[in-house]
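If you read the sequence shown in the working numbering, its first letter stands for residue 11, the second for the next number, and so on.
Shown next, in structure tokens, is the structure this report addresses.
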Amino acid sequence: FQGFFDVPVDNLRASPFLIKYIETYVLDYRNAVIVARNPSVVPRATSYAERLRLPLVVIHGEDRDDIENNDGRNSPPLDAVVNEKRPTAQVGLELLPMMVSKAKPPPTLVGDVHGRIAIILDDIIDDVEQFVKAADLLHERGAYKVFVFATHGLLSADAPQRLEESWIDEVVVTNTVPHGIQKMQCHKIRTVDISMLLAEAIRRIYNDESMSYLFTNVPKDD
């Protein structure tokens, strides 16, 4: 994150707290698998899997409804482009190669979750649609419990309600962001307190002490 700010910053890691929670409160966690809900999360998920000595499972592909972007910048239909009237001279469009629309594969699971606990990892959970769909797939493939772990729990809009109605058994986040109202709306949300980490970081910065101790034995991919 240091390239995104005008002042020096330290990217603190909450992973030791989340791993401790898994070891303490996820019963039978030795029978769990770590799930990367898309390939971009693989480095983080791999780090957790190695430290917990658990298998790694990766979800590839996406639902048909999610193929197009949702930010209003979708490309117009091909026929609209071809048939659009232009004031300039026509080019022989019939001679141009036709564009082929994107086709991404449906979600597939690389790894076995049958009869196991599935632990989905990410850095932020806000819009929960993809987490809910991942939980559906994991449940369909035989996972008997699904946990979601994330550092920051924004959980805006109807996220609590959607989690409450999903196959997700528990959502574990830290207290970097207030989410008391969301917890009242969804009984599945759990909070891990990392105030000790933040307080120690503030103390060290104020006293001009080294921050390296806070990163001892913490992989950079966490």
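All C-beta atoms, glycine included, are put in the ideal place defined by N, C-alpha and C.
Note that the structure is a prediction, hence the values are computed from the model and not measured.
query, result
"Quick one: residues in its chain with C-beta nearer than 6 angstroms to the C-beta of Phe-141, no 5 flanking neighbours on either side, listed in chain order?", "Val-158"
"Would you mind sorting Ser-205 into buried or exposed? The rule is 16 or more other CB atoms within 10 Å of its CB.", "exposed"
"For Pro-170, which of Ala-145, Lys-198 and Phe-27 has the nearest alpha-carbon?", "Lys-198"
"How about Ala-128 and Val-183: do their beta carbons lie closer than 8 angstroms?", "no"
"Check Arg-151 in the structure and name its three-state DSSP category.", "coil"
"Any idea what DSSP makes of Ile-215, helix, strand or coil?", "helix"
"How about Ile-191 and Thr-161: do their beta carbons lie closer than 8 angstroms?", "no"
"Among the candidates Tyr-154, Tyr-58, Ile-212 and Leu-164, whose CA atom is the shortest distance from the CA of Ile-29?", "Tyr-58"
"What do you reckon, are the CB atoms on Ala-144 and Arg-47 nearer than 8 angstroms?", "yes"
"How should His-189 be labelled, buried or exposed, when 16 other C-beta atoms within 10 angstroms of its C-beta is the threshold for buried?", "buried"
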